[in-house]
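Trainee:
Numbering (our numbering), first residue to last: 1 to 67.
(1) Which ranges does the alpha helix (DSSP H) cover as unbroken runs of at least 4 residues, wholly within the segment 7–40, from first to last along the chain?
(2) Would you tell me roughly how many angstroms separate the C-alpha atoms of residue 15 and residue 46, rounded to the nearest one?
(3) Give a yes or no on whether the C-beta atoms belonging to residue 5 and residue 23 are separated by under 8 Å.
(4) Could you tell me whether the Cβ atoms of residue 57 and residue 10 are closer together than 8 Å?
(5) Exposed or buried, which one is residue 8 when buried takes at least 16 other CB atoms within 10 Å?
(6) Tell me the rounded alpha-carbon separation between residue 30 and residue 20.
What follows is the structure, given as structure tokens:
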């Protein structure tokens, strides 16, 4: 199975925002879950993995500037 990149987000309390914690590579979702717990610990209220292939980046168009 090929390796896949995941973005990792987490928070420790409901009153906190979910924050970006890093990224990891794993051979599938289950392997990514195990890797995330090993790397980031178990003290999280929520630990969220987002496959990078599922992220759609929207870029702002450059405005024309008069010179």
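Note that the Cβ used here is the ideal one computed from N, Cα and C, for glycine as well.
Mentor: This is what the structure holds:
(1) 29–40
(2) 12 Å
(3) yes
(4) no
(5) buried
(6) 20 Å
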